[in-house]
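Q: Under the numbering used here, the very last position in the sequence shown is 1242; numbers go up by exactly one each time. Glycine included, every Cβ here is placed at the ideal spot set by N, Cα and C.
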Amino acid sequence: MSQAGLLSVKQVIGVRSSVTNGLAFQDEQTVVYIAGGNIVLYGIDQKAQRVIPCSINAQALTTMTVSPNRRVIAIAERINDRPQVTIYDLQSGKRRKTLQSELIKSNEIVSLLFSSDSKYLLTQGGAPDYTLIYWSWEKGKVMAHIDVKPPTGPQANATVNQVSFNPQDNTQICTIGHGLFKMFRYAESALKPSQNLKQEHFNFTCHCWISDDRLLAGTDQGKLFVIQNGEILHEIKIDSKAEPRSVTSHHTSDERLGLVESSMDINISTDHSIKSEIKCIIPFSRGVLVAAGVNKVYMYDRVDDNREYFRRNREILLPIDLNDKSNNERVVSMCLSPSEETLVALTDHQQIYQLSFSGIDITKDVATFSYLTEGYHHAQVTGVDTCVRKQLIATCGVDRSVRLWNYETGTLEVCKEFQEEAYTVSIHPSGLFILVGFSDKLKLFTILIDDLRPFKEFSIRGCREALFSNGGHLFAAVHGNVIQIYSTVTFENITNLKGHNGKVRQLIWSPDDTRLFSCGMDGAVYEWEVATSKRLHEAVLKACGYTGLGLSADSKTVFAVGTDRKIKEIVDAQQILREIQVIPDDVQPTTIALSHTGKSLLVGTSKGTVRSYKFPLTKSDEYTEYIGHVGMINRLRVTFQDEYAVSVGDDGLVILWKLQEVGVSKKEKETTYAEEILITKSDLEEKNSLIRELKQRVAELREENDYQLKLKEMNYAERIRDLTDKFMQEMENLKTKNTVITGEKEKEASKHAEQTHDLIEKQNKELQDLEGSNNQKLMLEYEKYQDLQAKTQKTQEEYERQITELENRKEEEVTRQRMQYTAQLEKLKNDLILEREKNKQQSRDHEETKRQIEEDADEEILKLMQTHEQALIECKDENANLRNKSTTFQRKVKDLEESIKKKDTDLASLKNEESKLQNAIRGLKKDIEGLKKEIQERDETIQDKEKRIYELKRKNQELEKFKFVLDYKIKELKKQIEPREIEIKEMKEQITNMEAELERLSKSNDEEKLKNEELRTKLNASALALQQEKQLKRDSELALKRIKTDIHNCSALITEPKLLTQRVAEIYAQYVRDDATEEATIDQDITKEYARQRDHLERTVRSLKGKVDKDSDRHKMENIRIMQENVTLIKEINDLRRELKTSRVKLQDLQTAMGISRKTAARTTEEIVQALNTHQNNHLVQEKQTELENLIHRQRSEIQRLNEQIANIESGVGRTGTAGGGGRSRPSSGQLPPITSALTAH
């Protein structure tokens, strides 16, 4: 017997939106949700899933919650009509705990939530009792429970919708529902009602805590209420465009608002309570997010205003589905990532969307969600098929869509939505064509890269089963109870197979495509020969309607499942070899599939599980069951390579199963998967045209960018010239300003030094006066304290004497009265009892008095420790308090004396209560001992105060010594500052030298300008000579042209010699002179000389132009470098001045704070060293000393850095001067910018 094939979930395509609170974050990149009967952990970045299967016997999943520490997840399930909470570990996927209780009479749990510390769990049961249980889930212990009974009667639909913990208090709980808002508090192992809503009831749908005592609750009418202590503080209407109104407006329970939404071709008018129902509220750091109405999530920001607690910030919209004319998608659950960076939303159309807040355009008040993954089916999936040559799965469903999935990557390749429902789908083995059955026709589509394009239509109405042959040259389609065979080459109807009397539910081709197997609801399984259209074999069982069919690898055995809940093994399609009953009785097999090796038999059931049976079929319980869907599985397919199985069901999910056949080695893939795709000629031409247009556009943009770049370069060059001129002008202005500021600085420095000296002397004088005054006050207070102590001692002695007298008198009175009242003892027993009670009360009063006195003393001591800086002043107040308390103490003593006298009077009337009086006396003795202890404690307190005064004096002396230490440090700092001032003077001298260098460079620049002017004059002269030569050339050409014209005219007189001779003589006289020969020779020499000079001047001009251009480029680069160095030096000088100013301010502050005078600075170095040794353990001195040493170190480093920089500048000046000595000089680098830096710093 072979073992059953092993299945594991590879990927779940889809989500279950019916689970309350069905979305949560495990961490920043992992989303947790429910899909079918599985918990899915989806990695946003990795696009990968991890699946945790739930209980296989679960009839339904109602709600879920993730603990605040994000380690466990709790799922509310219904098993055997009993509610159960199962807690899973999110890291390992293992079950941690199962919680069940007989206290819940309902069959479901409607809400559950972990406490903020993840230790406790709330479960809210459903109707009829709505039991709320407070769990310690790790122990599995019920801490408390209570029945939350919502109102009944007029509100027949009363329910409890949600329960929550106070995030700041695990003992406070809130429950809401239809006409229900109750608060409970956990105390003394019970849940006790604390407060209810004090206004009219609303149908609350959800709520959240926004503070430790305030909640935000939403209703089905689109209203938000801010509630505190059972009172509605504020009301917000979600659909109102105006600002939210106050709760003082009139509330009406029947208030409704019609909401009309218009689209392109449909108008929808529904009830306001449906359109504006608030589904979910989640808080975040700045406010709340509210899912309400259709296609919208509202973001509200918290406002610190008692009139308006929240203000709408923006709306977040769902993507628009143009094929969904209803336009009624709603968000039912939301969650925020731990960093509040990503918002994920789940809708009732079984889609998951995400929004990254970092990508929101803050200038707009509307944002849009995007798909977290590709779109899912949101209704029943009716058909599925796999491809041979490509890694494709085709699915169709009631949501009017056909989708192609890549089962290796789990991504959506193509999605096509139609106007009508698709019943069945079959994909061609090549992966290039697909058959889709609709209500009116069967259509053949070509599969393009991103679309399905209609190719051929067949008049087959309501086709619910169609299948390509294994070779792809034929396909079979069911038309009613007739099976039609078509050719995929000619698209002709080759044959029709008739024989079924009911609906045909499934078709299977034999591996060689010569036979076709079919089963139907008429209880028949037929084997057809396609070539002859004959029915070869049949197996008919009228009592069973077959719903699924499987074929063995050798095509001899058929496996069928049907309505009789049996798996039948049929040999040669005519003999039922064996039958296996499917158990238990409530499970119905719906579909069946065999692997191509024939070693794995998979069966889909009505409760959504997939069973893998062992071969051969012998026992009904030899199978392995896997949880997948929730609801009936409609189709089950195995891929061509037997690697995966695919199941689809009524819950809209597509589940990919990894199939491992035990004992079967995987066959090597003989062919690789095809990568080819179809594209139409028009699409290809359109794309090529688009590519050409884009290339042309890129070239145009490149040229345009080059042109813009040149323009910018020209503009920048012009701006550089302007900035250079402006910089030179500002430099001259700053020179003048620097001179003025330097003078003002010296004046202010001398003035400041005088003020500092006067202030130090004044402070020293005030300090001496204050010390003398404090010493006098201290002595006065000490004398008062001695007087008070003497009075206290005297009072104590007097009190002890009175007590002794009272005791003696009491003994005498007791002896005298004992014999007199012996007979009345029995009569006064009742009075005795009353007196005892009075005595106990009086003892308690004495104890309370004692406790108050102790507390007062503790408070005084604590205040004394906290306010030691004002000890001298507080001693006076404290002594006054002691006098007052001493007076109070005397009054108490008098009261006690009166009480004793009263006791003596009572003893005179109750002489026989001797035992009672003795007890009272012992109690009074204890009080006296307590008072004595109190007096002793007062003495100790006074001694502590004296010690404190002594400590303050000692600290005062230490502070005086510390002043001397700081004075020494200040002197050292001054010594450190003086070299820096010397350095500053040297830098000023350097600046003066640099100014001289600037004047020298300016003169050199003027000389260069004169040379340029001379060359420009020569160039102008050459140009004038050239112009004269050009004019002479034009005159000569004109004269030559005239001579040619006259000679041409003479040709007309060729027949008349005389006239011709005369005309030639005239021409000669007109154009030829006597000195023509000599002038011609002279003119020729002049022309040659002019030409030679012109060539020489042209070469000279070109050379000068090149040199001018080079000098101009060098000047530009040098100016840029000088400007950069100038900016750096400006910053450094400014930083140094700020540090110098800060050091001086700190020095002044220290002098002012410590009252250091120049007289104090006259102490010897030995005394300072001794003071340092004395205070080496004083942390304050050590901190100040460390700070001063760090300051000195930083100043030395800065001075060293400035020295190095000055040396670098001087070396740069030397190199520039050497280079400029051989030719024309130009501005040297490193000289001009520092002058501007210094001026700018001033």
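Comparing alpha-carbon positions, which option in 391, 541, 69 lies nearest residue 114?
A: Closest option to residue 114, Cα to Cα, is 69.
Q: Measuring alpha carbon to alpha carbon, tell me which of 388, 730, 770, 896 ends up nearest residue 802.
A: Considering only alpha carbons, the answer is 896.
Q: Sorted by chain position, which residues of the same chain lie with C-beta nearer than 6 Å to residue 418's C-beta, five sequence neighbours on each side aside?
A: Hits under 6 Å: 400.
Q: Is residue 1124 buried or exposed, if buried means 16 or more other CB atoms sit within 10 Å of its CB?
A: Looking at its Cβ environment, which holds fewer than 16 other Cβ atoms inside 10 Å, residue 1124 is exposed.
Q: From which residue to which residue does the alpha helix (DSSP H) around residue 1051 run?
A: Neither: residue 1051 is in no alpha helix (DSSP H) and is coded neither H nor E.
Q: Is it right to say residue 460 is buried, meaning 16 or more other beta carbons lie within 10 angstroms of its own, or is it exposed?
A: That one is buried.
Q: Leaving out the 5 sequence neighbours to the left and right, which residues in its chain are closer than 7 Å to residue 511 when beta-carbon positions are compared?
A: If we look at residue 511 and ignore the five residues flanking it on each side, its Cβ neighbours are 470, 555.
Q: May I ask you to report which of helix, strand or coil DSSP gives residue 363?
A: In this structure, residue 363 counts as coil in the three-state DSSP scheme.
Q: Drop a sphere of 10 angstroms on the beta-carbon of residue 1171, count the other beta-carbons inside from all chains shown, and report buried for 16 or more, exposed for fewer.
A: Note that residue 1171 scores a pLDDT of 49, beneath 50, so its modelled location is shaky; the value from the coordinates is reported in the next line. Buried, since its Cβ has 16 or more Cβ neighbours within 10 Å.
Q: Could you give the residue range of the beta strand (DSSP E) that holds residue 334?
A: It spans 331–336 - the beta strand (DSSP E) in which residue 334 sits, taken as one unbroken run.
Q: Pull the bridge partners of residue 507 from the DSSP assignment, please.
A: Residue 507 is bridged to 518.
Q: Less than 8 Å between the CB atoms is what I'm expecting for residue 38 and residue 19, so what's the real figure, rounded?
A: Contact flag wrong, Cβ pair sits at about 12 Å.
Q: Can you look up residue 223 in the DSSP assignment and give me helix, strand or coil?
A: If DSSP states are grouped into helix, strand and coil, residue 223 belongs with the strands.
Q: Going by C-alpha distance, which of 506, 329, 288 is nearest residue 311?
A: Residue 288 is the option with its Cα nearest to residue 311.
Q: So residue 1245 and residue 642 are supposed to be a Cβ contact under 8 Å. How far apart are they, rounded?
A: This structure gives no information on residue 1245, because the portion of the chain shown stretches from 1 to 1242.
Q: At which residues does the alpha helix (DSSP H) containing residue 685 begin and terminate?
A: Residue 685 -> alpha helix (DSSP H) spans 681–818.
Q: To which residues does DSSP link residue 8 through a beta bridge?
A: Paired residues: 658.
Q: What residue from 404, 624, 1015, 880 has the CA that sits closest to residue 611's CA?
A: When each option's Cα is compared against that of residue 611, the closest is 624.
Q: Report all residues from its chain with a CB closer than 7 Å to the CB of residue 249; omit the five preceding and five following residues, and keep chain order.
A: Its pLDDT being 34, under 50, residue 249 is placed unreliably in this model, and the value from its coordinates should be taken loosely. Correct list: empty, nothing qualifies.
Q: Please look up how many angstroms separate the CB atoms of residue 389 and residue 673, rounded, as I've assumed it's under 8 Å.
A: Correct: roughly 7 Å between the Cβ atoms.
Q: Would DSSP call residue 1060 helix, strand or coil?
A: Reduced to three states, the DSSP call for residue 1060 is helix.
Q: Once you ignore the five residues that flank residue 354 on each side, which residues in its own chain have a CB closer than 8 Å to its CB?
A: Closer than 8 Å at Cβ, skipping near neighbours: 44, 342, 343, 344, 345, 369, 370, 371, 372.
Q: Report, in whole angstroms, the separation of the C-beta atoms of residue 164 and residue 234, which I expect to be a contact under 8 Å.
A: The Cβ separation is near 20 Å, so there is no contact.
Q: Secondary structure at residue 623, three-state DSSP: helix, strand or coil?
A: Correct three-state label for residue 623: strand.
Q: Do residue 542 and residue 523 have their beta-carbon atoms positioned less than 7 Å apart in this structure?
A: The answer is yes: Cβ separation under 7 Å.
Q: Can the beta-carbon of residue 97 be found closer than 7 Å to that of residue 135?
A: No; because the gap between Cβ atoms is not below 7 Å, this pair is not in contact.
Q: In three-state terms, what does DSSP make of residue 78?
A: The answer is strand: DSSP assigns residue 78 an E or B state.
Q: Starting from residue 184, follow its DSSP beta bridges and name the residues at the other end.
A: According to DSSP, which records beta bridges pairwise, residue 184 is partnered with 173, 193.
Q: Hey, residue 561 and residue 592: beta-carbon distance below 7 Å or not?
A: Yes.
Q: Near residue 1293, which residues of its chain fall below 6 Å by C-beta distance, leaving aside the five closest residues on each side in sequence?
A: Residue coverage of the chain in this structure runs from 1 to 1242, which leaves residue 1293 outside it and unanswerable.
Q: So what's residue 994 in DSSP terms, helix, strand or just coil?
A: Residue 994 falls in the helix class under three-state DSSP.
Q: Are the beta-carbon atoms of residue 424 and residue 464 separated by less than 7 Å?
A: Cβ atoms of residue 424 and residue 464: closer than 7 Å.
Q: Considering only the alpha carbon of each residue, which of 842, 526, 102 lies closest to residue 572?
A: Comparing Cα-Cα distances from residue 572 to each of 842, 526, 102, the minimum goes to 526.
Q: Between residue 160 and residue 130, is the Cβ-Cβ spacing less than 7 Å?
A: Their beta carbons are under 7 Å apart, which means residue 160 touches residue 130 by this criterion.
Q: Return the residue from the list 776, 1044, 972 that minimises the CA-CA distance to residue 1193.
A: For residue 1193, the nearest C-alpha among the options comes from 972.
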